[in-house]
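In the working numbering, the protein residues as written are 17 to 226. Every residue gets a Cβ at the ideal spot worked out from N, C-alpha and C, and that includes glycine. Notes to accompany the following structure.
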Ligand code: IMP
């Protein structure tokens, strides 16, 4: 991706490689987004940026939570940055757990989010679900949103040891394996996060040609 001076003027650089802060503490997300974006742009996690903060996600939509995270970091640093929020939307549960995906099972640590999901889907033949990611980019003080969706279904039991979150019970359309049975490259072939990241990259490319 070509990155002329005007695009990167608010991004910090090391050895001429532009960097963009990713407002997350989730190392899996950083790895997946970095792989999706490629190597012309270095993604910097909050930890790498020396920012120790856990940004709350109190809003009823992925969009509002993503905005909350990116604006918080933009106000703190004054730098261009982006965030993302992701939810698992299950058709027969009317889109649940959705924006509540991270807190689905509540505080009870003996019952995981996956346990709760499988319990709710017991006996269900319609297991259609999708992951939806919303990226909020703040560049030159303006916000831009990008959505990525991955359709698939919920398996009847967890399989695989890779990935994170709901990966062991989600199989994307076009594959019989769960995300947790795939390496990162294979997951990124299908994933919601990569699809949103593709749009982010396409947007940055458009700006770089102006
Ligand atoms: P958040 O975007 O970090 O708030 O994630 C919401 C919930 O969805 C958390 O429980 C995450 O572990 C889970 N989650 C987010 N992205 C993925 C993914 O790519 N695969 C599986 N679970 C995910």
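What three-state label does DSSP hand residue 171 in the structure shown?
-> Residue numbering aside, residue 171 sits at position 155 when the chain shown is read from its first letter. The answer is coil: DSSP assigns residue 171 none of H, G, I, E or B.
Counting pairs of Cβ atoms below 8 Å between the segment 137 to 151 and the segment 102 to 115, do you hit three or more?
-> Segments in contact, yes.
Do you know offhand how far residue 220's Cα is from residue 58's?
-> As a first step, residue 220 must be located in the chain shown, where it is residue number 204. As a first step, residue 58 must be located in the chain shown, where it is residue number 42. The alpha-carbon atoms of residue 220 and residue 58 are separated by roughly 13 Å.
Report buried or exposed for residue 76, applying the criterion of at least 16 other Cβ atoms within 10 angstroms of its Cβ.
-> What you label residue 76 is simply residue 60 of the chain shown in a count that begins at 1. Residue 76 is exposed by the Cβ-count criterion.
Taking DSSP as the reference, what is the three-state secondary structure of residue 220?
-> On the chain shown, position 204 is the one that residue 220 refers to. The answer is helix: DSSP assigns residue 220 an H, G or I state.
Kindly indicate the opening and closing residues of the beta strand (DSSP E) around residue 53.
-> Within the chain shown, residue 53 is the residue found at index 37, counting from 1. From DSSP, residue 53 is part of no beta strand (DSSP E) but of the alpha helix (DSSP H) over 43 to 53.
Of the listed residues 70, 173 and 215, nearest to residue 15 (C-alpha basis) | Residue 15 lies beyond the stretch modelled for the chain, which goes from 17 to 226, so this question has no answer here.
Mind reading off the beta-carbon distance from residue 187 to residue 100? Whole number of angstroms is fine, and I expect it under 8 Å.
-> Residue 187 sits at position 171 when you count from the first residue of the chain shown. Residue 100 sits at position 84 when you count from the first residue of the chain shown. Residue 100 and residue 187 do not touch by the CB rule: their CB atoms are close to 22 Å apart, not below 8 Å.
From residue 180 to residue 203, what does the alpha carbon distance come to, in whole angstroms?
-> In the chain shown, the residue the question calls residue 180 occupies position 164. In the chain shown, the residue the question calls residue 203 occupies position 187. The alpha-carbon of residue 180 is positioned some 11 Å away from that of residue 203.
Spatial neighbours of residue 86 within its chain, please: CB distance less than 8 Å, with the 5 preceding and 5 following residues excluded, ordered by chain position.
-> Locating residue 86 in the chain shown gives position 70, where the first residue counts as 1. The answer, listed in chain order, is 39, 97, 98, 99, 152, 153, 154 and 159.
Distance cut-off 6 Å: residue 102 Cβ against heavy atoms of the ligand IMP = Position 86 of the chain shown, counted from the first residue, corresponds to residue 102. Within the cutoff, so yes.
State the beta-bridge partners of residue 74 as determined by DSSP.
-> Sequence index remark: in the chain shown, residue 74 carries index 58 (1-based). For residue 74, DSSP records no beta bridge to any residue.
Spatial distance of residue 89 from residue 35 (CA atoms) = Counting from 1 along the chain shown, the entry for residue 89 is found at position 73. Counting from 1 along the chain shown, the entry for residue 35 is found at position 19. Whole-angstrom Cα-Cα distance: 14 Å.
Tell whether a beta-carbon distance below 7 Å holds between residue 135 and residue 129.
-> On the chain shown, residue 135 is found 119 positions in, with the first residue counted as 1. On the chain shown, residue 129 is found 113 positions in, with the first residue counted as 1. At the C-beta level, residue 135 and residue 129 stay beyond 7 Å of one another.
Looking at residue 206 and the ligand IMP, is the gap between the Cβ and the nearest heavy atom below 6 Å?
-> In the chain shown, residue 206 corresponds to position 190, counting from 1. No, the ligand IMP has no heavy atom inside 6 Å of this Cβ.
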